[in-house]
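When we follow the UniProt record's numbering, the leftmost residue of the first sequence carries the number 1, and every step to the right adds one.
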Amino acid sequence: MRGVRCEKSGMRKGTWTPEEDKKLVDYVTRYGHWNWKLLPKFAGLERCGKSCRLRWLNYLRPNLKRGNYTEEEEETIVKLHRRLGNRWSAIAAEMPGRSDNEIKNHWHAKLKKRFQYHNAVDLVNQYEDQHDQEPITTIGDDTTSSPTTSQLINNNNDSSNSSSSSSDQSYSITMSTEHSNDVNSTNNINVMDMEDHYGVSFVDYASDSSKSFWLELLDMSYSLPNN
DNA sequence: AAGTTGGCCAACCGCTCGTCT
DNA sequence: CAGACGAGCGGTTGGCCAACT
């Protein structure tokens with residue numbers, strides 16, 4: 001195993017102290033990071049080089065922005081992630097002032113679900129294309145108390161979207177626990193069928209079937225950019 | 001007020017890649 | 001060419017803190 005572990009005796013682990021930060025900053029700004037492995041020794045730090053490198057890149061290096069992502073930045077992250085996948089360093093390279101670790105954390109904390117909603121909507125589009133389904137506006141036969149996506153979408157149409165163009169599409173997604181046995185009886189898209197068809201799990205997407213999930217999905221289905 | 005839960009973030013771990021000898 | 005080594009990357013973990021029960 002070639003992974004470098006910071007387990008040598010005397011090597012500190014865990015949260016960095018302000019004194020350690022100062023030592024690292026002082027050293028790197030003065031001499032640069034010519035060799036991360038040897039650097040802590042010369043800088044008077046009881047850390048492994050790897051830890052020093054991480055601390056510098058993610059926290060101490062100049063021109064780093066911290067927290068408070070703008071909407072533009074979030075949008076950029078989502079777009080870049082769609083293009084590049086989990087290549088956080090590549091994403092960070094296109095976002096000056098943000099570290100890969102910070103972007104990764106922000107993704108997992110805030111943006112992941114949003115991206116999955118985009119994917120879900122895209123899958124609906126694909127499914128319709130492949131099954132030659134006309135856009136539909138009818139509400140599914142789901143009788144549970146929680147609203148279906150189609151209900152939400154229809155409500156949204158009623159209340160605020162009178163200017164919808166003919167290209168706007170509405171979907172009726174049935175969150176059924178059973179496969180539909182008569183696909184001709186309805187234009188509803190059965191989630192179980194889609195899961196089978198695409199080999200994905202919508203449970204992952206919508207494990208928190210909260211109001212906010214549906215509202216956000218609804219919102220995004222109307223603001224999905226053409227990309 | 002105390003305990004629990006969940007979100008967030010810093011940091012570590014393990015792996016791959018590129019370079020050097 | 002092969003092995004050693006450092007650097008870099010992405011996944012994961014652990015701890016802190018605020019919100020909730």
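Note that CB positions come from ideal geometry on N, CA and C, so glycine has one too.
Check whether the Cβ atoms of Tyr-69 and His-106 sit closer than 8 Å, and answer yes or no. yes
Looking at the unbroken alpha helix (DSSP H) that takes in Arg-12, where does it start and where does it end? Run containing Arg-12: none; DSSP gives neither H nor E here.
Can the beta-carbon of Ala-43 be found less than 8 Å from the beta-carbon of Lys-23? yes
To the nearest angstrom, how far is the alpha carbon of Leu-45 from that of Asp-21? 9 Å
Helix, strand or coil: which one does DSSP assign to Trp-56? helix
Taking the alpha carbon of Trp-16 as the point to measure from, which residue in Lys-104, Asn-58 and Ile-77 has its own alpha carbon closest? Asn-58
Where the alpha helix (DSSP H) containing Tyr-27 begins and where it ends: 18-31
Hey, how far is the Cα of Met-25 from the Cα of Lys-65? Before going on, a small fix: residue 25 reads as Val here, not Met. Their Cα atoms are separated by approximately 17 Å.
Quick one: what does DSSP say Glu-46 is sitting in, helix, strand or coil? coil
Alpha carbon to alpha carbon, how far is Lys-79 from Arg-98? 16 Å
At which residues does the alpha helix (DSSP H) containing Ala-109 begin and terminate? Counting along the chain, Ala-109 falls outside any alpha helix (DSSP H), and DSSP gives it neither H nor E.
When Arg-61, Gly-85, Pro-96 and Ser-89 are compared against Glu-73, the one with the closest alpha-carbon: Pro-96
Look at the alpha carbon of His-108 and the alpha carbon of Ser-89, and state the distance between them as a whole number of angstroms. 15 Å
Along the chain, where does the alpha helix (DSSP H) that runs through Ser-89 open and close? 88-93
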